[in-house]
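Residues in the sequence shown are numbered consecutively from 1, following the UniProt record's numbering.
To keep things clear, I will list the structure first and then write my remarks on it.
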Amino acid sequence: MKNVYEVLKDLGHEIPEELQQYYGNIEYWKQWWQGYVPKFHQYKVTNIEKELMTMKRKSLKMAKKVCEDWANLLLNDKTTVIIDETMDVGTDGKDDSKDNKINESQKFVTGDENEQAGGVFGLSKFWKNGNKTVEKEYALGTAAFILVPHKAKVRKGKLTAESVKINCIKEACCIIPLSWDGDDITECAFASSKQISGKSYMYLQVMLQLDDGRYRVENHYYLKSGDSYEPVSSNPKGEALWYILPAKPFFILTPNIENNILETTPMGISVFANATDQLQACDIAYDNMYTDFILGRKKVFMSQDVISTEDVPVMGDDGKPKLDSDGKPIINKKPMAGEAIEQSMFVNVGQQMPTADRFFQEYNPSLRVEENKNGIQFALNLLSSKVGFGQNKYQFSIQTMATATEVKASSKDLTESVWKQRVVIQDVLTEMTRSILTIGRELCGKSVNPDAKITVKFDNTMFNDEEAEKLMDMQLVSAGIMLEWEWRVKWLGETESQAKEILKSANKEKGITYEDD
1 MKNVYEVLKD LGHEIPEELQ QYYGNIEYWK QWWQGYVPKF HQYKVTNIEK
51 ELMTMKRKSL KMAKKVCEDW ANLLLNDKTT VIIDETMDVG TDGKDDSKDN
101 KINESQKFVT GDENEQAGGV FGLSKFWKNG NKTVEKEYAL GTAAFILVPH
151 KAKVRKGKLT AESVKINCIK EACCIIPLSW DGDDITECAF ASSKQISGKS
201 YMYLQVMLQL DDGRYRVENH YYLKSGDSYE PVSSNPKGEA LWYILPAKPF
251 FILTPNIENN ILETTPMGIS VFANATDQLQ ACDIAYDNMY TDFILGRKKV
301 FMSQDVISTE DVPVMGDDGK PKLDSDGKPI INKKPMAGEA IEQSMFVNVG
351 QQMPTADRFF QEYNPSLRVE ENKNGIQFAL NLLSSKVGFG QNKYQFSIQT
401 MATATEVKAS SKDLTESVWK QRVVIQDVLT EMTRSILTIG RELCGKSVNP
451 DAKITVKFDN TMFNDEEAEK LMDMQLVSAG IMLEWEWRVK WLGETESQAK
501 EILKSANKEK GITYEDD
């Protein structure tokens, strides 16, 4: 990162020392997300020969699991962005039905309102990449979405593009704030490594706000030379050195958690930054269980008298047999055990058995299954609470399936945390969609409306008991509060006209006249 700071300083952007030091925390969080923290997972023990041995602690890798679960709760393929903007395509000047209107804004951004697999989102594979980006956001504290013109061209000095593409910046160490107001980053640099035609480059994209609200985007390439980077006179891929965008092109993602490590930075904090002790407890408990199962294997102690042996010479450091004082090879009697599992089960104790008249004695250590299980579960409960899931997120005991209503009642902390964290996702998606529409209109020539109403709908299936809601609505139909066709539209996905036609046919067969309201 030092080279990046030096390059930015040469460009007129000096990064505060305390912010530079903050990136050390990000590297530490990344180790936890990867599941291996050398200072914790690597330790030394002394064996019976008083030699130090390096051991590796087993890990549940719960830091990554926590971040995956947060990403699935906040941004997945069931999340939708609805743009309330329709355009009349009728030619008679009359107001056509909704089915005959084209929502150009929705079409440009997501392709349609339901599948949302087209437009800018489809081009960018946004729902898949966005989910992974949120996972890294919660692991490292900060991530970003940036907008770039797709298939851009310069015509008569004016930048045009066919569309807009969303790039996901998953590595927090590549995001360097340049200007900010509180938690709002207004100018930012994004660093990355690129391999082009066999050469290594550092690519630095700097986004600066102009007085009129537009943004100047600068593309800087630096050729790697040894341990340093040298600027190039022209960009290797023929990209413009800079261009102007009519709207903000970057959007920073951070967990909705106050940063208690460095309060003056706009960078976010990992969701488990204050739960590393609990992560250690989980791994210690799991490692203890693993060790107990290894050490708890059945042992059979045997007298030397019943073991077949073979003569094995003792080898020296030079690879030759060691000799005794008479010049003869030193021989050890080695038991002729079979497979590896037999070697670990049978133990030669020479001539000394606890009971003289016995040749075999079994030893079956306790595995402490219940104690280990309780220890792991307690550690998981503590971790779950610390990362905002409440105490019952990770339960591995065998229980009957709970309904969504029961889950909601028993996971009040989780529900509250999810709504709190969705505020950030909602703001980012709304602001980004508006920028996409602005760029689409100004650079791509699309008939879209940046001022359209934008609504973000999240996946609430984990909080809703669908069967209970269906039953409640049926009771409303029976009470005359809800109409039958309304129920079919809501739960069967039919249009109003389809539902009424089906009900009319069904009632006709029953001899009931259906009156269309």
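Every residue gets a Cβ at the ideal spot worked out from N, C-alpha and C, and that includes glycine.
Whole angstroms is fine: what's the gap from HIS13's alpha carbon to GLU187's? For HIS13 and GLU187, the gap between their C-alpha atoms comes out near 10 Å.
In chain order, which beta strand (DSSP E) runs of at least 3 residues are fully inside the segment 446-497? 453-457
Report the rounded CA-to-CA distance for GLN377 versus ALA71, giving the unit in angstroms. 23 Å
Under the three-state DSSP convention, the category HIS13 falls into: coil
Within a Cβ cutoff of 7 Å, which residues of the same chain sit near TRP485, ignoring the five residues on either side of it in sequence? GLU496, ALA499, LYS500, LEU503
Enumerate in chain order the residues of its own chain whose CB-to-CB distance from SER417 is below 6 Å, with the five nearest sequence positions on each side excluded. GLY388
Three-state class that DSSP yields for LEU223 in the structure shown: strand
Backbone secondary structure at ILE185 - three-state DSSP: strand
Please go through the same chain and pick out, in chain order, the residues whose beta-carbon is closer than 7 Å to the beta-carbon of ARG441, but skip the five residues on each side of it. VAL448, PRO450
Leaving out five residues before and five after ALA409 in sequence, what residues of the same chain have Cβ atoms less than 8 Å from its Cβ? Reliability of the predicted coordinates at ALA409 is poor, the pLDDT of 49 falling under 50, and no value is obtained from them.
Contact set for LYS224: own chain, Cβ-Cβ below 6 Å, skip 5 residues either direction: SER200
Proximal residues to PHE251 (C-beta, below 7 Å), its chain only, five neighbours per side dropped: ALA144, PHE145, VAL428, GLU431, MET432
If ASN76 and ASP459 are in contact, beta carbons under 8 Å, what's the gap, nearest whole angstrom? Yes, they are in contact, since the Cβ atoms of ASN76 and ASP459 sit about 6 Å apart, within 8 Å.
For ASP318, does the three-state DSSP call read helix, strand or coil? coil
Helix, strand or coil: how does DSSP classify LEU73 here? helix
Quick test of your reading: THR142 and ILE175, contact by CB under 8 Å. State the CB separation rounded to the nearest angstrom. 6 Å
With burial defined as no fewer than 16 other Cβ atoms inside 10 Å of the residue's Cβ, what is the status of ASP283: buried or exposed? buried
DSSP beta-bridge partners for TYR201? LYS194, LEU223
Could you pull out every residue in the same chain whose Cβ sits closer than 6 Å to the Cβ of CYS67, ignoring the five residues on either side in sequence? GLU135, TYR138, ALA139
To the nearest angstrom, report how far apart ALA340 and VAL314 are at their CA atoms. Only weak support exists for where ALA340 lies, its pLDDT of 42 falling under 50; the value from the coordinates is given anyway. Distance between the alpha carbons of ALA340 and VAL314 is about 22 Å.
Looking only at C-alpha atoms, which of ILE169, TYR215, ASP326, SER105 sits nearest to ASN126? Residue 126 is actually Phe in this sequence, not Asn. Checking every option, the nearest Cα to that of PHE126 belongs to ILE169.
Looking at C-alpha atoms only, which residue of LYS61, ILE83, PRO38, GLY24 is the closest neighbour of LEU437? ILE83
Which residues mark the beginning and the end of the beta strand (DSSP E) in which TYR229 is found? Start and end: 228-231.
Going by alpha carbons, who is nearest to LEU253 out of HIS150, LYS132, LYS457? LYS132
If contact is defined by three or more beta carbon pairs under 8 Å, each pair taking one atom from either stretch, is the segment 21-37 in contact with the segment 235-246? No contact exists between the segment 235-246 and the segment 21-37.
Please indicate yes or no: does the CB of ALA281 lie closer than 7 Å to some heavy atom of the ligand MN? Questions concerning the ligand MN fall outside what the structure shown contains, since it holds no ligand whatsoever.
So the beta strand (DSSP E) residue 551 belongs to, where does it begin and stop? The displayed coordinates of the chain run from 1 to 517. Any statement about residue 551 would go beyond what the structure contains.
How far does the beta strand (DSSP E) with THR54 in it extend, from its first residue to its last? 52-56
Would you check if the segment 117-125 and the segment 211-226 touch, i.e. whether three or more CB-CB distances between them fall below 8 Å? no
Below 8 Å on the Cβ atoms is my guess for LEU323 versus ILE331; work out the distance and round it to an integer in Å. About 11 Å separates the two Cβ atoms, so there is no contact after all.
Taking all protein chains shown into account, decide if GLU27 is buried (16 or more other Cβ within 10 angstroms of its Cβ) or exposed. exposed
Excluding the 5 residues preceding and the 5 following GLN280 in the sequence, name in chain order all residues of the same chain whose CB lies nearer than 7 Å to its CB. PHE40
Chain B beta carbons: is any one of them nearer than 8 Å to that of HIS150? Here chain B cannot be found, since the structure has a single protein chain.
Tell me whether MET289 is buried or exposed, calling it buried when 16 or more other Cβ atoms sit within 10 Å of its Cβ. It is buried - the Cβ of MET289 has at least 16 other Cβ atoms within 10 Å.
Which residues bound the beta strand (DSSP E) around CYS282? Segment 276-295 is the alpha helix (DSSP H) holding CYS282; no beta strand (DSSP E) there.
Please report the straight-line C-alpha distance between VAL37 and GLN278, rounded to a whole angstrom. Going by the C-alpha atoms only, they are around 14 Å apart.
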